[in-house]
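Below you'll find the structure, written out as structure tokens, and then a few comments.
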Amino acid sequence: VQLQASGGGLVQAGGSLSFSCWTSGIPYRINDMAWYRHAPGKERELVAVISNRGIINYGDFVKGRFTISRDYSKNMIFLQMDNLKVEDTGVYYCNAEHDRFRSWWGQGTQVTVSS
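Taking my numbering, the leading residue of the sequence shown gets 575, the next gets one more, and so forth.
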């Protein structure tokens, strides 16, 4: 079972970054797929989640700057992040969930936003 993510990196404030995440070997139907982040000195928090019905929720801090999308045929999700802020710096994780007992995490990708 694997979640692989690509993207992230270093960008100046106001810039954009994007992520992709894909799954392999998960023997259950995937319901929610999401991005989380762990910023220095903070708890892990939800960035965005998209259900298998296309219902989307964002963390309050997103405020229209990020867009999550999903390719259901490939069990992939994408995150487009625009107008990045210094406080968006952190490690971003992809998550796939069958139910609250079965979920899987990607390896984490660093995002650094410089002022």
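By construction, the Cβ of each residue, glycine as well, lies at the ideal position given by its N, Cα and C atoms.
Straight-line gap, residue i to residue j (C-alpha atoms, nearest Å)
i: residue 621; j: residue 589; result: 17 Å
i: residue 617; j: residue 665; result: 11 Å
i: residue 658; j: residue 638; result: 11 Å
i: residue 640; j: residue 661; result: 14 Å
i: residue 670; j: residue 685; result: 20 Å
i: residue 667; j: residue 655; result: 14 Å
i: residue 680; j: residue 579; result: 6 Å
i: residue 636; j: residue 599; result: 31 Å
i: residue 651; j: residue 682; result: 14 Å
For residue i, the first and last residue of its enclosing beta strand (DSSP E)
i: residue 624; result: 619-624
i: residue 666; result: 664-673
i: residue 611; result: 606-612
i: residue 689; result: Run containing residue 689: none; DSSP gives neither H nor E here.
i: residue 636; result: Segment: none, residue 636 is in no beta strand (DSSP E) and carries neither H nor E.
i: residue 580; result: 576-581
i: residue 653; result: 650-655
i: residue 591; result: 591-598
i: residue 629; result: Taken as a continuous stretch (DSSP letters only), residue 629 belongs to no beta strand (DSSP E), as it is neither H nor E.
i: residue 677; result: 676-679
Where residue i falls, given that 16 or more other Cβ within 10 Å makes a residue buried
i: residue 603; result: exposed
i: residue 627; result: exposed
i: residue 629; result: exposed
i: residue 577; result: buried
i: residue 584; result: exposed
i: residue 582; result: buried
Distance between beta carbons of residue j and residue i, contact taken as under 8 Å
i: residue 609; j: residue 653; result: 5 Å
i: residue 606; j: residue 623; result: 5 Å
Evaluate contact between the stretch 673-685 and the stretch 633-648, counting only Cβ atoms and requiring at least three cross-stretch pairs below 8 Å. no
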